[in-house]
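Q: Counting from 0, one number per residue, gives the positions in the sequence shown under numbering that gives the first Met the number 0.
One structure, as structure tokens, below. Some questions next.
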Amino acid sequence: MRYSVLVADNFHYMDEVERYQLGEFHTAEAALAAARCLVDDELAAHYQPGMSANELYRLYTSFGVDPFIVSADGDCHFSAWDYARGRCQELCRAD
């Protein structure tokens, strides 16, 4: 089975012209890892010491990228926003 990771741009919400394919993967685990890594990279780029989790999350959902997985596998689910919400809590708690 194939898992395609597509990437939308939160700043250009619903604009398919701004969408691109990150890659195609043979396993759900590999696709999920790629999507999570992209979100982690975006959060790291927006993060500033001392900022709140809410501030970081707002920046991400306004200007970050939004990877999602397309596959015939009905058990493979990923929400970049949900993942980012949890990561924002972890990153900002470390301060």
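Note that beta-carbon positions come from the ideal geometry of N, C-alpha and C, so glycine has one too.
Mind the definition here: the stretch 46-60 touches the stretch 18-31 only if three or more C-beta pairs lie below 8 Å; say whether that holds.
A: no
Q: Is DSSP giving Ala43 helix, strand or coil here?
A: helix
Q: Kindly indicate the opening and closing residues of the beta strand (DSSP E) around Phe67.
A: 64-69
Q: Spatial neighbours of Phe10 within its chain, please: C-beta separation below 6 Å, excluding the five flanking residues on both sides.
A: Phe62
Q: If the criterion is Cβ atoms closer than 8 Å, does the pair Val6 and Val69 meet it?
A: no
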